[in-house]
Every structure is written in structure tokens, then in C-alpha cells.
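Working notes for the structure below.
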Amino acid sequence: MSEKSQSQPAVSLEDVRRVAELANLELTPEEEPRMQRDLNNILGYIAELNQLNTADVPPLAQVSEILGEQEKASVDALRADVVHASLDRATVMAEAPEKDGTFFKVPKVIER
Amino acid sequence: MTANGLNLETLTIDGAREALAAKKTSATALAEAHYARIAEQDPAIHAFLALSKERARAQAAKVDAMAANGEPLPPLAGIPIAIKDVLTMQGAPATAGSKILEGYYPPYDCTAVARLEAAGAVLLGKLNCDEFAMGSSNENSAYGPVHNPRALDRVPGGSSGGSAAAVAAGMAVATLGTDTGGSIRQPAAFCGVVGVLPTYSRVSRYGLIAFASSLDRIGPFAKSVKDAATLLGVIAGHDPQDATSSKHAVPDYVAATKRPVAGLKIGVPDEYFIDGLDAEVRASVEKSIEQLKAQGCTIKRISLPHTKYAVPTYYVVATAEASANLARFDGVRYGLRADDSTLSAMYRRTRDKGFGAEVKRRILLGTYVLSAGYYDAYYRKAQQVRMLLARDFLTAFADVDAIVTPMTPTPPFKIGEKADDPIAMYLADIFTVAASLAGICGISVPSGTTRDGLPLGVQVLGRHFGEETMLQVAQAVESAQI
Chain A
3 MSEKSQSQPA VSLEDVRRVA ELANLELTPE EEPRMQRDLN NILGYIAELN QLNTADVPPL
63 AQVSEILGEQ EKASVDALRA DVVHASLDRA TVMAEAPEKD GTFFKVPKVI ER
Chain B
171 MTANGLNLET LTIDGAREAL AAKKTSATAL AEAHYARIAE QDPAIHAFLA LSKERARAQA
231 AKVDAMAANG EPLPPLAGIP IAIKDVLTMQ GAPATAGSKI LEGYYPPYDC TAVARLEAAG
291 AVLLGKLNCD EFAMGSSNEN SAYGPVHNPR ALDRVPGGSS GGSAAAVAAG MAVATLGTDT
351 GGSIRQPAAF CGVVGVLPTY SRVSRYGLIA FASSLDRIGP FAKSVKDAAT LLGVIAGHDP
411 QDATSSKHAV PDYVAATKRP VAGLKIGVPD EYFIDGLDAE VRASVEKSIE QLKAQGCTIK
471 RISLPHTKYA VPTYYVVATA EASANLARFD GVRYGLRADD STLSAMYRRT RDKGFGAEVK
531 RRILLGTYVL SAGYYDAYYR KAQQVRMLLA RDFLTAFADV DAIVTPMTPT PPFKIGEKAD
591 DPIAMYLADI FTVAASLAGI CGISVPSGTT RDGLPLGVQV LGRHFGEETM LQVAQAVESA
651 QI
């Protein structure tokens with residue numbers, strides 16, 4: 003099964019690097035070929051979906067769509083516009099790796 | 171007072187409640203007995219990542235005080251319960267099995283966890299799992315694998331391996347797990363306990379560290395169908411904190427387990443009896459089907475024609491959603507940060523250091539299928555096949571009341587056996603992911619053991635919000651085991 007590849011040898015090392023960058027992931031030189039191999043194997047397996055003609059099938063993103071569970075966007079679907087208790091700021095900030103008491107701190111974004 | 175005379179391995183909610191009511195034990199003694207058992211058993215099993223003794227002892231004392239004052243006790247008063255580590259619980263760390271959240275103490279309770287405690291449960295601690303619930307063997311935990319209590323060289327299943335193992339080893343009366351593609355049902359079968367996948371939106375996801383939001387569900391593990399029904403009744407119901415949680419009324423699930431099954435129509439789908447199905451697994455599910463027939467059910471062969479496409483569909487949908495959900499782990503607001511001189515380098519180094527190989531693999535796959543030029547070919551296509559899978563079940567449930575299938579293609583496999591082959595591992599989910607994608611409810615019920623003593627399970631599937639019938643059939647399967 004793992005060797006099956008119904009599409010062209012799709013993912014190149016370049017693709018792996020590009021996708022890693024999009025995902026904010028840093029891969030080591032050892033990880034790159036491994037991920038390339040795994041992605042090609044998995045995508046080859048996923049290509050089995052092309053056996054199905056889905057031209058007239060609507061996509062299903064979330065099952066509430068077919069259960070009639072989604073409330074129409076209306077005033078009734080919204081909570082009352084009143085202030086209510088939320089998480090304590092100090093407790094939340096305490097979990098941050100770096101902060102100044104009011105804000106999260108991150109490395110410099112703009113070079114000058 | 172002690173918990174002497176109570177067998178923790180077989181102790182159910184009813185058993186504990188009776189012992190508490192008869193003053194044979196106290197909530198405090200029961201909690202301490204479980205902590206003693208964890209200290210004794212868990213070094214070989216590794217189900218627990220953290221113990222919340224302070225919170226558990228405070229709650230047990232509160233229950234004992236209520237009992238001493240003769241106050242009416244809530245349904246889970248004094249029942250020791252443990253929680254999968256992807257669910258938040260104040261006062262205990264929540265790692266989701268990942269290094270990227272090491273040391274994170276969430277500032278709020280998951281709704282399901284809070285509801286258990288409000289019903290009197292004593293929360294023992296947090297349970298090991300695959301990193302961000304991604305896995306079928308619990309070998310992807312950054313904190314080490316869980317060992318199956320029934321056979322220590324075997325996996326407990328995953329991703330809720332710790333939740334299943336803790337119940338099987340008598341280290342908790344019940345636990346909570348999560349199921350995105352089979353992560354409650356498959357480990358329940360591998361460890362010989364009951365595990366419930368509620369209908370999508372039945373239980374609030376508030377406080378569940380998200381993996382795939384259109385699939386993620388919280389559900390109970392227990393030693394009996396009745397206990398699982400009790401827990402489900404406590405955690406189910408609408409929650410203003412989760413806009414997707416359903417407003418459907420919560421029925422009396424325990425009452426449902428007491429109804430006879432005679433007259434129910436049970437569907438048995440051809441597509442779940444594949445060539446690779448283990449002979450003992452097949453014999454076990456066939457025996458359960460015969461037993462349902464003997465109790466007056468009508469058995470009907472049915473077809474769920476798109477079943478073979480469920481696993482590839484799942485690995486597009488779930489990874490796409492995961493790539494978006496896991497973008498939040500960037501070293502800014504919580505958990506790990508790997509320092510670097512620029513913001514983008516800090517993000518990348520943090521995520522490189524914090525995520526394990528399977529999580530990276532799934533983020534990459536999910537990013538790929540959502541990226542420009544591939545969205546229609548992969549993501550939209552998978553959503554369309556998801557509709558076909560859902561329609562398969564809607565059509566089947568127009569005719570039958572419940573569906574019975576094998577739970578897993580094989581008994582629990584050995585630790586390390588599939589660790590290097592992602593697709594072989596994904597195929598361990600072959601009987602679970604279709605129900606996940608369709609949003610229907612399901613349950614894994616123990617159905618005996620192999621000749622070697624390995625646990626086996628049968629899956630009962632119910633229609634959307636069909637938990638009552640599902641539990642009714644599950645109880646019949648359980649009652650037929652002796």
C-alpha cells in the first residue's frame with residue numbers, strides 16, 4: 003500500500019521546503035528527505051479519491067450543515083450584548099514566555 | 171477509613187456509590203486508594219502525566235462533608251476520574267502530549283471537566299496521549315509511550331491510550347478522552363474497556379486543545395456501558411462557550427441501557443468485513459451479532475459503499491484543520507519559546523523544537539493540501555467525499571436502528587511494530603474514521619479476548635443524536651458476555 007503512487011511523483015524537496023516555510027516549520031537536512039518520502043506516499047494513497055466522480059456532490063465542511071443544527075444568522079443566534087466575566091489578565095499573562103506586565107514581548111519585527 | 175475490600179480493577183460507579191452510601195469507604199479514602207494503585211501500577215504503564223492531588227483531596231473532603239451532613243449527593247459524588255491531557259483543568263498542567271506546551275498551566279477548566287466536578291467527581295490527574303491526539307498507538311507522546319495493561323509489550327491504542335489504560339488497570343473508575351478519527355473507540359477496544367464517541371456537537375469542546383475542529387469530540391471511558399451512559403449524561407448538553415454545541419435535549423441515557431433490544435433492526439455492513447480482518451476479531455463480532463439475534467434483534471446486511479475512501483478523506487480533512495489549529499503554537503502566549511533574533515526565526519525554531527515528527531508530518535500535509543493550486547484537488551475533493559460518506563450513513567439509518575462492526579482490524583499490536591510506516595498506522599483507523607467524518611455516534615464494547623488473552627471490541631454505531639439506541643444495543647452486547 004505505501005508504495006502505491008497513482009499521481010506523478012508530486013512532491014519535490016523544493017516543495018517540502020516551501021510548505022515548511024508556509025507552515026513556519028524548520029526542518030533539519032535529515033528531516034527533509036524523510037518528509038518528502040512520507041508526503042509522497044500519503045498523497046499517493048489520497049489519490050485514490052480521484053476514483054470517485056464528485057462533480058455534483060456539495061462539499062461537507064461540518065456535519066451541522068446536514069443536521070439543520072445551524073441557527074440562522076439572526077438576533078436570536080447572538081448572545082446579549084453585555085459585558086461578562088472573562089479570564090483574568092494576570093493569570094493569562096503568567097503563562098507567556100516573555101511579557102512586560104501588559105503585553106506579550108517578541109523579538110524585534112522591524113529592522114532599521 | 172480505607173477502601174479495603176474494594177477491588178479497584180472492577181469498581182464501577184454503582185459499586186463506589188454503594189460503598190460510599192454504606193460508609194464502607196469515604197471519598198477521601200477512595201481517592202487515596204486510587205493514588206496508591208497509581209503509584210504501584212503506573213511505573214509499568216505510564217498512563218498518567220500529572221496528578222492533581224490538591225484539587226482531588228479538596229473535592230473529596232467536600233463530598234465527605236456533604237455525606238456527613240446528610241446532604242443529597244450528586245450522581246458522581248466521590249467517583250475518582252482522570253482526564254486526557256488535551257483537556258484543560260485548572261491547577262494541573264496541560265501538555266497535549268507535546269513538548270511545545272511543557273509547563274503550561276491553563277487558566278480555565280474545560281466545560282466537560284467542570285461538569286464532572288460539579289457532579290461530584292474527584293479529578294485525579296491528567297492522562298498521557300499521542301501528541302495533540304495525533305496517533306493510533308500512543309507512541310507519539312513526547313513523554314513516552316503508554317503500555318497496554320493487559321499485555322505490557324503491546325500498545326494501548328491511541329490517541330487516548332492513557333485514558334483507556336487507566337480504566338483498564340483500575341487506576342481510575344472512569345476517564346475522559348477525545349476522539350477525532352477513532353481515538354476513544356480504538357484504545358477502548360485494545361484495552362478491553364467501554365469507550366463512547368458522542369454525536370458531533372453533543373458535548374462542548376470548550377477547553378479541548380483543538381486538533382481538527384469539525385471532527386474533535388470528547389467522550390467517556392468506563393468499565394461498563396451503564397457507567398459510560400452516566401458520564402455522557404453529565405457532560406452532554408449545550409454550552410454558551412462553544413457555539414457549535416447542540417441545543418438538543420439530553421435524554422436519560424442510563425434509562426436507555428435498560429430497554430430490551432428485541433425488535434431492533436441491526437445493520438451489518440459488508441465493507442467492514444475486509445480480507446485483512448483478523449480471524450479472531452471476525453469470530454468475536456460474529457458471535458456478538460448472533461447474540462443480538464438471540465435477544466430478538468433483526469440482523470440485516472447493509473452496504474456503506476464509500477467506506478474504503480474514509481481513511482484518505484480523513485487524512486486530508488484532519489490535517490488541513492490541524493495545520494490551521496496548530497498555527498497558534500508560536501512561542502508567544504504560552505508554552506515553549508526557542509529564542510532567536512527575529513520574530514519569524516523565533517516562530518520556526520520554537521515549532522521545530524516543540525513539535526514531534528508526526529505532528530510536523532501532519533502540519534506539512536495539511537498545509538500542502540490547502541496551498542494554492544492544490545486546494546480543489548485535495549481539500550475540496552475530500553469534503554465532497556465526506557458528503558458521500560455521510561450520505562452512506564443517512565441512507566443506512568433510514569432502514570436500520572443501529573450498525574454493528576468490528577472495532578479494529580487486529581488485536582492490539584506490539585509497541586514499535588508500525589512506528590516507522592505512517593500509512594500502516596493510519597490503517598489501524600480503518601473502522602473508525604467514517605463515523606468521525608459523518609458525525610454520528612459510536613461506542614466500543616468489549617467482546618472477549620483472543621486465545622492469547624488480548625482484548626477485543628465490537629463497535630456499535632448510532633444515527634446522529636441516536637445515543638439512546640446505541641447504548642441500548644451496546645448494553646445487550648455487554649450483557650451477553652460472561
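Those protein sequences? They're chains A and B, same order as listed.
Sequential numbering of the first sequence, starting at 3, is according to my numbering.
Sequential numbering of the second sequence, starting at 171, is according to my numbering.
Glycine is no exception: its CB is placed at the ideal position from the N, C-alpha and C atoms.
Of the choices B/417, B/580, B/321 and B/317, whose alpha-carbon is the least far from that of residue 170 of chain B? Outside the shown range of chain B, which is 171 to 652, sits residue 170 of chain B, and nothing can be said about it.
Proximity to residue 306 of chain B [Cα-Cα], best of B/222, B/351 and B/523: B/351
Which residues DSSP lists as bridging residue 389 of chain B, in chain order: By DSSP's assignment, residue 389 of chain B forms a beta bridge with B/347.
Beta-carbon spacing of residue 249 of chain B, residue 191 of chain B below 8 Å: no
If you measure from the beta carbon of residue 560 of chain B to each beta carbon in chain A, is any gap under 8 Å? yes
Could you check what DSSP says for residue 495 of chain B in three-state terms: helix, strand or coil? If DSSP states are grouped into helix, strand and coil, residue 495 of chain B belongs with the helices.
So that I know if they touch, is there some Cβ in chain B lying closer than 8 Å to that of residue 14 of chain A? no
Strictly by DSSP, which residues pair up with residue 218 of chain B? B/297
Local Cβ density within 10 Å of residue 454 of chain B, reported as buried at 16 or more and exposed below that: buried
Note down the Cα distance separating residue 408 of chain B from residue 414 of chain B, rounded to an integer number of angstroms. In this structure, the straight-line span from the alpha carbon of residue 408 of chain B to that of residue 414 of chain B is close to 9 Å.
Taking residue 313 of chain B as the reference, give the member of B/300, B/325, B/321 and B/375 with the closest Cα. B/300
Which runs of the alpha helix (DSSP H), 4 residues or longer, sit entirely within the segment 452-520 of chain B? 480-495
Tell me the DSSP secondary structure of residue 320 of chain B in three-state form. coil
Under three-state DSSP, which class holds residue 282 of chain B? The DSSP-derived three-state label of residue 282 of chain B is helix.
Of all the options B/235, B/577, B/547 and B/509, which has the alpha carbon lying nearest to the alpha carbon of residue 110 of chain A? B/509
Roughly how many angstroms lie between the CA atoms of residue 59 of chain A and residue 565 of chain B, to the nearest whole one? 16 Å
For residue 502 of chain B, go through chain A and note every residue whose CB falls closer than 8 Å to its CB, in chain order. 98, 99, 106 and 108
Along the chain, where does the beta strand (DSSP E) that runs through residue 232 of chain B open and close? No beta strand (DSSP E) contains residue 232 of chain B, which is instead part of the alpha helix (DSSP H) from 223-238.
Mind pulling the chain A residues with CB within less than 9 Å of residue 482 of chain B? Neighbours of residue 482 of chain B on chain A, chain order: 44, 47, 48, 49, 50 and 51.
Between the C-alpha atoms of residue 81 of chain A and residue 416 of chain B, what's the straight-line distance to the nearest angstrom? 15 Å
Helix, strand or coil for residue 97 of chain A per DSSP? coil
Residues of chain B with CB closer than 8 Å to the CB of residue 28 of chain A, please, in chain order. 518, 519, 521 and 522
Interface residues of chain B facing residue 60 of chain A [CB-CB closer than 9 Å]: 553, 554 and 557
Helix, strand or coil: which one does DSSP assign to residue 434 of chain B? coil
Pick helix, strand or coil for residue 44 of chain A, following the three-state DSSP scheme. Helix at residue 44 of chain A.
Would you mind reading off the limits of the beta strand (DSSP E) that contains residue 656 of chain B? Summary: the structure shown does not reach residue 656 of chain B, with chain B confined to residues 171 through 652, and so no result is reported for it.
Please list the partners that residue 25 of chain A has in chain B, where partner means a Cβ-to-Cβ separation under 7 Å. Simply 493, 533, 534 and 537.
Going by alpha carbons, who is nearest to residue 276 of chain B out of A/95, A/112, A/100 and A/105? A/95
Interface residues of chain E around residue 513 of chain B at Cβ under 8 Å? Of the protein chains in this structure, namely A and B, none is chain E.
Residue 610 of chain B (DSSP reduced to helix, strand or coil): coil
Residue from B/227, B/205 and B/177 with nearest C-alpha to residue 198 of chain B: B/227
List the residues of chain B whose Cβ lies closer than 7 Å to the Cβ of residue 94 of chain A, in chain order. Within chain B, the residues near residue 94 of chain A are 277.
Do the CB positions of residue 658 of chain B and residue 255 of chain B come within less than 8 Å of each other? Residue coverage of chain B in this structure runs from 171 to 652, which leaves residue 658 of chain B outside it and unanswerable.
Within 8 Å (strictly less), CB to CB, does residue 472 of chain B reach chain A? no
How would you list, in chain order, the residues of chain A whose beta-carbon sits under 9 Å from the beta-carbon of residue 486 of chain B? 48 and 51
By the three-class DSSP mapping on this structure, what secondary structure does residue 645 of chain B have? The answer is helix: DSSP assigns residue 645 of chain B an H, G or I state.
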